[in-house]
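The sequence shown begins at 19 in the UniProt record's numbering and counts up one residue at a time.
From the three backbone atoms N, C-alpha and C, an ideal C-beta is built for every residue, glycine too.
These figures come from a predicted structure and were not determined experimentally.
To start, the structure itself, in structure tokens.
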Amino acid sequence: KKICVVGLGYIGLPTASMLANHGYKVVGVDIDENKVNAIKNGTLQIEEPGLMTLVKGAINSGNLIVKTEPEEADIFIICVPTPAVENNGTKKCDLSYVWSAARSIKPYLKKGNLVIIESTIPPNTTNKLHEFFGEGIYVAHCPERVLPGRILIELVENDRIIGGVDKKSAELAKEIYQSFVDGNIYLTDATTAEMVKLMENTFRDVNIALANEFAKVCEEIGVNVWEAIELANKHPRVNILKPGPGVGGHCISIDPWFIVEKSKNAKLIKTARELNDKMPEYVCNLILREVEGIENPKIAILGVTYKGNVDDTRESPAKKIVAMLISKNFTVKCYDPHAKVFDYELCDLRSCIENADCIVVLADHNEFKDFNEEEIKNIGSKMRTKKIIDTKNILNHELWEKCGFDVVLLGD
Ligand code: SAJ
């Protein structure tokens with residue numbers, strides 16, 4: 019069977035390569051010609067363990083070809099982004115990429131073909147797509163569930179949910195995923211599958227919001243939230259997540275809005291989303307407090323990605339924090355050992371911390387955890403004021419204090 023995968027991003031590219039390595043003839047399609055060429059030449063830069071080896075294997079086997087236009091196939095898989103856009107003070111799903119992908123494959127669809135939507139979408143979207151594709155086309159929603167940083171492992175190991183517009187659609191889709199998924203595959207209807215995906219990411223968002231609220235409360239009453247969470251989690255039925263500078267990425271900070279746009283009952287979800295969205299501002303105020311009285315303060319930002327050990331800066335809390343600091347006329351320099359693209363200039367560690375008055379750690383990269391005494395002393399010797407704010411609780415605070423730093427911890 020031949021498969022056409024539309025959208026070669028963080029999900030489409032690994033999925034297309036995986037299917038090609040499992041014997042399917044796969045055509046990978048992306049409207050971005052530069053990306054298509056980079057995949058062909060093996061020069062694409064995505065920091066995801068094992069991904070580029072998998073892609074090169076698929077291309078070299080001849081089973082994966084990549085191009086900018088779809089072509090006839092038996093199965094189509096849509097893996098395009100669904101960002102959130104402003105909507106009267108809240109946000110809603112921007113389905114424009116999904117619809118343009120749908121329009122681009124429609125001329126190639128034949129009766130009996132199967133279209134799978136992996137993109138995260140609001141409830142009822144799969145049914146509308148089914149209507150658009152017309153009679154005789156099978157349609158299923160198979161939401162992706164992989165964690166960036168562990169994509170190749172989770173693509174194989176995680177259980178999958180498949181929702182069909184009818185039973186046959188779900189069963190046909192299952193056949194495809196069974197070729198490489200070791201986890202269980204559960205079948206349901208399309209709208210349930212859409213809701214399941216949104217509930218997973220909303221569960222995480224609401225729980226992070228709770229951790230962030232605990233951090234604010236603990237700071238107010240003089241308790242270390244990290245210690246309190248660790249102790250609370252000794253309870254067999256408690257598992258509090260970690261506070262931080264905000265929730266970033268293109269999934270958890272976005273998907274809960276797709277529930278909010280569909281229901282006035284989604285009050286807790288909306289409040290949690292807004293609370294997490296306000297964390298960058300909270301961290302910014304913390305920074306302002308710590309550099310109060312210093313003239314023309316220089317802030318050194320360590321880590322601009324949306325989380326540790328990935329290169330993705332989309333929706334990262336750092337972006338908002340840097341913008342706020344710049345609007346206060348602060349000098350801000352950013353260093354990140356993983357990120358390649360960011361909205362603000364990135365520099366090396368030395369120019370980042372030189373003459374700085376405060377370091378702010380915003381991502382839990384391993385490199386930051388591993389600074390040794392000599393490196394910390396060296397950093398300190400170049401700064402104007404030896405102060406560091408740890409929003410992720412990843413530093414060896416004793417060691418930094420031993421090297422003369424004033425260490426400030428979020429939620430303490
Ligand atoms: N974060 C916290 N505290 C925590 C955990 C995370 O502040 O305790 C922050 C992170 O720093 C980051 C954001 O939340 O900014 C999201 O990171 P994440 O690692 O929780 O999740 P993602 O966005 O990388 O991937 C999520 C995963 N969903 C769930 O775990 C329910 C993944 O399985 C999904 O496939 C992915 O979203 C997606 O594409 O939907």
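{"Asked": "Check whether the segment 32–51 and the segment 64–77 are in contact - that is, three or more C-beta pairs closer than 8 Å.", "Found": "yes"}
{"Asked": "Please report the straight-line C-alpha distance between L306 and C370, rounded to a whole angstrom.", "Found": "18 Å"}
{"Asked": "K186: buried (16+ other C-beta within 10 angstroms of its C-beta) or exposed?", "Found": "exposed"}
{"Asked": "Are I93 and I49 touching if we call contact CB-CB under 9 Å?", "Found": "no"}
{"Asked": "Using only alpha-carbon positions, find the residue among A188, I272, E385, D366 that is nearest to F221.", "Found": "I272"}
{"Asked": "Leaving out five residues before and five after M297 in sequence, what residues of the same chain have Cβ atoms less than 6 Å from its Cβ?", "Found": "N230, P263, G264"}
{"Asked": "Kindly indicate which three-state DSSP category T289 falls into: helix, strand or coil?", "Found": "helix"}
{"Asked": "Do I270 and the ligand SAJ come close, with the Cβ less than 8 Å from some heavy atom?", "Found": "yes"}
{"Asked": "Where I258 and N251 are concerned, what is the direct C-alpha to C-alpha distance, given to the nearest angstrom?", "Found": "6 Å"}
{"Asked": "Tell me whether T138, by its Cβ, gets closer than 8 Å to a heavy atom of the ligand SAJ.", "Found": "yes"}
{"Asked": "Is it the case that the CB of F221 approaches a heavy atom of the ligand SAJ more closely than 8 Å?", "Found": "yes"}
{"Asked": "Where does H159 fall in DSSP's three states?", "Found": "strand"}
{"Asked": "Going by C-alpha distance, which of E212, L173, F348, K215 is nearest Q196?", "Found": "L173"}
{"Asked": "With A34 as the anchor, note down where its alpha helix (DSSP H) starts and where it stops.", "Found": "30–39"}
{"Asked": "Distance check for V340 and E248, CA to CA, integer angstroms please.", "Found": "30 Å"}
{"Asked": "Are there 16 or more other CB atoms within 10 angstroms of the CB of G240, so buried, or fewer, so exposed?", "Found": "exposed"}
{"Asked": "In chain order, which beta strand (DSSP E) runs of at least 3 residues are fully inside the segment 338–423?", "Found": "349–353, 376–379, 405–408"}
{"Asked": "By Cβ distance below 8 Å, which residues in the same chain neighbour E87 in space, the five residues on each side in sequence not counted?", "Found": "V47, S122"}
{"Asked": "Determine whether the beta carbon atoms of T209 and T144 lie at a separation below 9 Å.", "Found": "yes"}
{"Asked": "Going by beta-carbon coordinates alone, are K215 and I179 separated by less than 9 Å?", "Found": "yes"}
{"Asked": "For the segment 55–88, list the alpha helix (DSSP H) runs that are entirely contained and at least 4 residues long, ordered along the chain.", "Found": "69–79"}
{"Asked": "Ordered along the chain, which non-local residues of its own chain (more than five positions away) have a Cβ less than 8 Å from that of I406?", "Found": "C376, I377, V378, V379, L413, W418, F423, D424, V425, V426"}
{"Asked": "Taking its Cβ as the centre, do 16 or more other Cβ atoms sit within 10 Å of L37, making it buried, or is it exposed?", "Found": "buried"}
{"Asked": "Take the Cβ of T61 as the centre, count every other Cβ of all protein chains shown within 10 Å, and call the residue buried at 16 or more, exposed below.", "Found": "exposed"}
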